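For reference, the structure is listed below as structure tokens.
Number of protein chains: 2
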Amino acid sequence: MDTHGEAAQTAADGRAGTAAEAVHESIGDWAACSADPHYRAAVVDLLGALAYGELSAFERLAEDAKLAPNLADKAALAEMAAAEFHHYRLLHDRLAAIGADPDESMQPFVEPLDSFHRMTAPADWLEGLVKAFVGDAIASDFYREVAVRLDDDTRDLVLSVMADTGHGQFAVAKVRTAIEQEPRVGGRLALWGRRLMGEALSQAQRVVAERDALSNLLIGGAEVRGFDLVEVGKMFNRITEAHTRRMAALGLAS
Amino acid sequence: MDTHGEAAQTAADGRAGTAAEAVHESIGDWAACSADPHYRAAVVDLLGALAYGELSAFERLAEDAKLAPNLADKAALAEMAAAEFHHYRLLHDRLAAIGADPDESMQPFVEPLDSFHRMTAPADWLEGLVKAFVGDAIASDFYREVAVRLDDDTRDLVLSVMADTGHGQFAVAKVRTAIEQEPRVGGRLALWGRRLMGEALSQAQRVVAERDALSNLLIGGAEVRGFDLVEVGKMFNRITEAHTRRMAALGLAS
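Read top to bottom, the protein sequences are chains A and B.
Residue 240 in my numbering sits at position 240 of the first sequence; the count goes up by one each step and never skips.
Offset between the second sequence (1-based) and my numbering: plus 1000.
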């Protein structure tokens, strides 16, 4: 789909150029859409998942910042963590504004996200960098994909959070340099990148299987803008492909 | 010095009412003052110490957030951590703007501040809360004290960072409730508060002893607005007194 040049550019700005960028019609604003209790429940689920995703990303990045070899690198990862916390706050406040209990809304996603982070605790600084970059980019891809299926107000929020991603870019040059200096590092980090994507997909599938309302939003119920299971599969494929291109841009065969 | 009512108010807004609040004369702006290399070195030292103080506070608060009993409490401590990171960024950028290497400027303070945090790792959530509240307040007191001895530009920066403190206030009600529910918790936390202040003073004295330029700023050299050793002692006393009043307001005899 992309030329090699576009793939490098995609990797450079940390975002995937996907079909989801195509022009889409509005399904209405929050006031109109939320009259449907299924739609409302789906958005509460989605915001809860995103909010805990950001809060747990904050925690893990702050933890992984300890692996930094110097103060500048530590601060770069800490800066990402602070940005994730800011995203968390926006999502949390939106949940409260629409009358949902933010903590209750996040609760179903605590275990899957904690599991993801537990299974992918970086063993060293380079693994931490790759995880920060890949995690940031996958989150950005997912936000972009899901945004088109939302009412105008929720979409504006999701897009404004997404616009503030890309903090993982500092990792690219550092990982490339490390691989140039010691090529066999590349093999280890390529494996690591595959494991990150595998665990992310595995937890995402678990969530989709367990959360009816959220799955409905992704799959498309009667009241929700049409999306079928094939489309959900395609979405995961697009995100995986974007990941593959980014790993290649990092100098890693995925 | 304060009445009991004022002490409670002081504790409630997280700041100490000290002599340093008195009106003071300007010693000039940064361009004028920094012509003196001793003054310049002192400010670089001060900003380096404050910057690493904020970065290490970020790290420790993010770590201590893990002890939180629920998501709302975790987010409250994470919010403090994100605020400290923002302060770090302001101080870091100011160092770069005046031509100092931020990482080099922070380096002398890494060991004292890491030692402080190592010696005061909270054993549980309540100790973490008390540390967050006390640490935030001591930092605020110190900023306020030191601000009056600075050129206009550096003082503006220090005061703007300080104006954003007070995030530790959420801890007050929680600690009070815990003590009401189980009074003997109060004894343990009172000891803990004393230990926090003791370690803070011990590391501060170590820094003053080792850093000539910074000590000069506090003590007052020929080119620096006059402050003698007795005044430095008084400053530490004022900060300790403010701490004592705050601990009392928390329901803890210090």
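Glycine included, every Cβ here is placed at the ideal spot set by N, Cα and C.
The model shown is predicted, which means the values in this text are computed figures rather than measured ones.
Next item on the list: For the stretch 77 to 91 of chain A, enumerate the residues whose C-beta is nearer than 8 Å to any C-beta of chain B, in chain order.
Entry: Ala78, Glu79, Ala81, Ala82, Phe85, His86, Tyr88 and Arg89
Next item on the list: Measuring only between beta-carbons, confirm whether alanine 1065 of chain B sits less than 8 Å from chain A.
Entry: Taking the second sequence and counting its residues from 1, the one referred to as residue 1065 of chain B is at position 65. Yes, alanine 1065 of chain B lies at the interface with chain A (some Cβ there is under 8 Å from its Cβ).
Check: In terms of residue numbering, what span does the alpha helix (DSSP H) encompassing lysine 174 of chain A cover?
Finding: Locating residue 174 of chain A in the first sequence gives position 174, where the first residue counts as 1. Unbroken alpha helix (DSSP H) run through lysine 174 of chain A: 170 to 181.
Note to self: Spatial neighbours of glutamate 1054 of chain B within its chain, please: C-beta separation below 6 Å, excluding the five flanking residues on both sides.
What the structure shows: Position 54 of the second sequence, counted from the first residue, corresponds to residue 1054 of chain B. Closer than 6 Å at Cβ, skipping near neighbours: Glu1084, His1087 and Tyr1088.
Next item on the list: Assuming phenylalanine 1170 of chain B contacts alanine 1076 of chain B (C-beta within less than 8 Å), just tell me the rounded distance between them.
Entry: Reading the second sequence from its first residue, position 170 is the one you call residue 1170 of chain B. Reading the second sequence from its first residue, position 76 is the one you call residue 1076 of chain B. That pair is a contact at about 5 Å.
Item checked: Contacts around histidine 1167 of chain B, its chain only, beta-carbon distance under 7 Å, and the 5 residues preceding and following it disregarded -> Numbered from its first residue, the second sequence carries residue 1167 of chain B at position 167. So the list reads Glu1079, Met1080, Ala1083 and Asp1136, once near-sequence residues are dropped.
Item checked: Supposed contact pair valine 161 of chain A and serine 105 of chain A - C-beta distance, whole angstroms, cut 8 Å -> In the first sequence, residue 105 of chain A corresponds to position 105, counting from 1. In the first sequence, residue 161 of chain A corresponds to position 161, counting from 1. So it is not a contact: roughly 16 Å between Cβ atoms.
Margin query: On a Cα-Cα basis, can you pick out the residue from A/Arg94, A/Asp73, A/Glu182 and A/Thr177 that is closest to alanine 49 of chain A?
Written below: For the purposes of this step, residue 49 of chain A is identified with residue 49 of the first sequence, where counting begins at 1. When each option's Cα is compared against that of alanine 49 of chain A, the closest is A/Arg94.
Notebook entry, point to check: Distance, Cα to Cα, leucine 1037 of chain B vs tryptophan 192 of chain A?
Noted result: For this step, residue 1037 of chain B is matched to residue 37 along the second sequence. For this step, residue 192 of chain A is matched to residue 192 along the first sequence. The amino acid at residue 1037 of chain B is misidentified as leucine; the sequence shows proline. For proline 1037 of chain B and tryptophan 192 of chain A, the distance between alpha carbons rounds to 50 Å.
Item checked: Any C-beta of chain C under 8 Å from that of methionine 119 of chain A -> Among the chains of the structure shown, chain C does not appear; the protein chains present are A and B.
Check: What span of residues does the alpha helix (DSSP H) with aspartate 1151 of chain B cover, start to end?
Finding: Translated into the one-based positions of the second sequence, residue 1151 of chain B becomes position 151. Here aspartate 1151 of chain B belongs to no alpha helix (DSSP H), and DSSP marks it neither H nor E.
Notebook entry, point to check: Nearest-angstrom Cα distance between alanine 163 of chain A and phenylalanine 142 of chain A?
Noted result: In the first sequence, the residue the question calls residue 163 of chain A occupies position 163. In the first sequence, the residue the question calls residue 142 of chain A occupies position 142. Cα to Cα, alanine 163 of chain A sits roughly 13 Å from phenylalanine 142 of chain A.
Notebook entry, point to check: So is asparagine 1216 of chain B buried or exposed if we call it buried at 16+ other beta carbons inside 10 Å?
Noted result: Position 216 of the second sequence holds residue 1216 of chain B. Asparagine 1216 of chain B is buried by the Cβ-count criterion.
Check: Does aspartate 103 of chain A have its Cβ less than 8 Å from a Cβ in chain B?
Finding: Counting from 1 along the first sequence, the entry for residue 103 of chain A is found at position 103. It does; some Cβ of chain B falls within 8 Å.
Checklist line | Per-residue contacts from leucine 95 of chain A into chain B (C-beta, under 8 Å) | finding: As a working mapping, residue 95 of chain A is identified with position 95 in the first sequence. Simply none; closest approach about 12 Å.
Note to self: Measuring straight from C-alpha to C-alpha, what distance separates isoleucine 138 of chain A and alanine 1042 of chain B?
What the structure shows: Along the first sequence, one-based indexing puts residue 138 of chain A at 138. Along the second sequence, one-based indexing puts residue 1042 of chain B at 42. Using only the alpha carbons, I get a separation of about 45 Å.
Next item on the list: State yes or no: is the beta carbon of alanine 75 of chain A nearer than 8 Å to at least one beta carbon in chain B?
Entry: By 1-based counting over the first sequence, the position of residue 75 of chain A is 75. It does: the Cβ of alanine 75 of chain A has a partner Cβ on chain B nearer than 8 Å.
Item checked: Pairwise C-alpha distance: valine 1110 of chain B and glutamate 1210 of chain B -> Residue mapping note: residue 1210 of chain B aligns to position 210 of the second sequence, counting from 1. Residue mapping note: residue 1110 of chain B aligns to position 110 of the second sequence, counting from 1. Approximately 13 Å, taken between the alpha carbons.
Item checked: 7 Å CB neighbourhood of threonine 240 of chain A in its chain, flanking five on each side removed -> Your numbering for residue 240 of chain A matches position 240 in the first sequence. Within the same chain, threonine 240 of chain A has close Cβ partners Met197.
Checklist line | Length of the line joining the Cα atoms of glycine 1233 of chain B and valine 1208 of chain B | finding: Within the second sequence, the letter at position 233 stands for residue 1233 of chain B. Within the second sequence, the letter at position 208 stands for residue 1208 of chain B. Cα to Cα, glycine 1233 of chain B sits roughly 11 Å from valine 1208 of chain B.
Check: Any Cβ of chain B within less than 8 Å of the Cβ of leucine 159 of chain A?
Finding: Walking along the first sequence from the start, residue 159 of chain A turns up at place 159. False, the Cβ-Cβ gap to chain B never drops below 8 Å.
Item checked: Close Cβ partners of glutamine 203 of chain A (< 8 Å) along its chain, the five nearest in sequence each way excluded -> For the purposes of this step, residue 203 of chain A is identified with residue 203 of the first sequence, where counting begins at 1. If we look at glutamine 203 of chain A and ignore the five residues flanking it on each side, its Cβ neighbours are Pro112, Leu113, Ser115 and Phe116.
Check: Hey, does phenylalanine 1170 of chain B have any beta-carbon neighbour from chain A nearer than 8 Å?
Finding: The residue labelled residue 1170 of chain B in the question sits at position 170 within the second sequence. No, no contact with chain A.
Checklist line | Exposure label - alanine 51 of chain A; buried when at least 16 CB within 10 Å | finding: As a first step, residue 51 of chain A is located in the first sequence; it is residue number 51 there, counting from the start. When all chains shown are included, alanine 51 of chain A counts as buried.
Note to self: Excluding the 5 residues flanking valine 158 of chain A on each side, which residues of the same chain have their C-beta closer than 8 Å to its C-beta?
What the structure shows: Along the first sequence, one-based indexing puts residue 158 of chain A at 158. Here the set comprises Leu50, Tyr143, Val146, Ala147 and Leu150.
Check: Helix, strand or coil: how does DSSP classify arginine 1211 of chain B here?
Finding: One-based indexing of the second sequence puts residue 1211 of chain B at position 211. Reduced to three states, the DSSP call for arginine 1211 of chain B is coil.
Notebook entry, point to check: Is DSSP giving arginine 1114 of chain B helix, strand or coil here?
Noted result: The residue you call residue 1114 of chain B lines up with position 114 of the second sequence. Before going on, a small fix: residue 1114 of chain B reads as aspartate here, not arginine. If DSSP states are grouped into helix, strand and coil, aspartate 1114 of chain B belongs with the helices.
Checklist line | Contact list for alanine 1072 of chain B against chain A, beta-carbon separation under 9 Å | finding: Within the second sequence, numbered from 1, the residue matching residue 1072 of chain B stands at position 72. Pro102 and Asp103, listed in chain order.
Next item on the list: Go through its chain and collect everything with a Cβ distance to aspartate 29 of chain A's Cβ below 6 Å, but skip five positions before and after it.
Entry: Reading the first sequence from its first residue, position 29 is the one you call residue 29 of chain A. So the qualifying residues of the chain are Asp151, Asp152 and Asp153.
Item checked: Neighbourhood of arginine 1015 of chain B by C-beta, 6 Å cutoff - its chain only, sequence neighbours within 5 removed -> Along the second sequence, one-based indexing puts residue 1015 of chain B at 15. With a pLDDT of 43 at arginine 1015 of chain B, under the threshold of 50, the modelled position of this residue cannot be trusted, and the question is left open.
Notebook entry, point to check: Would you say aspartate 103 of chain A and alanine 1062 of chain B are within 8 Å of each other, going by their C-beta atoms?
Noted result: Taking the first sequence and counting its residues from 1, the one referred to as residue 103 of chain A is at position 103. Taking the second sequence and counting its residues from 1, the one referred to as residue 1062 of chain B is at position 62. Not a contact, by the Cβ cut-off of 8 Å.
Next item on the list: Could you work out which residues of chain A lie near leucine 1055 of chain B, taking near to mean beta carbons separated by less than 8 Å?
Entry: Residue mapping note: residue 1055 of chain B aligns to position 55 of the second sequence, counting from 1. Per Cβ cutoff of 8 Å: Leu71, Lys74, Ala75 and Ala78.
Check: Assuming threonine 1120 of chain B contacts arginine 1206 of chain B under a Cβ cut-off of 8 Å, what Cβ separation, rounded to an integer in Å, is found between them?
Finding: Taking the second sequence and counting its residues from 1, the one referred to as residue 1120 of chain B is at position 120. Taking the second sequence and counting its residues from 1, the one referred to as residue 1206 of chain B is at position 206. Actually they do not touch by this definition, with Cβ atoms about 15 Å apart.
Note to self: Quick check on this structure: which residue in B/Arg1245, B/Tyr1039, B/Leu1189 and B/Asn1070 has the alpha carbon closest to the alpha carbon of proline 1122 of chain B?
What the structure shows: Residue numbering aside, residue 1122 of chain B sits at position 122 when the second sequence is read from its first letter. Checked all of B/Arg1245, B/Tyr1039, B/Leu1189 and B/Asn1070; the closest Cα to proline 1122 of chain B is B/Leu1189.
Next item on the list: Measure the Cβ-Cβ separation of glycine 251 of chain A and glycine 186 of chain A and say whether it is below 8 Å.
Entry: For the purposes of this step, residue 251 of chain A is taken as the residue at position 251 of the first sequence. For the purposes of this step, residue 186 of chain A is taken as the residue at position 186 of the first sequence. Yes; because the gap between Cβ atoms is below 8 Å, this pair is in contact.
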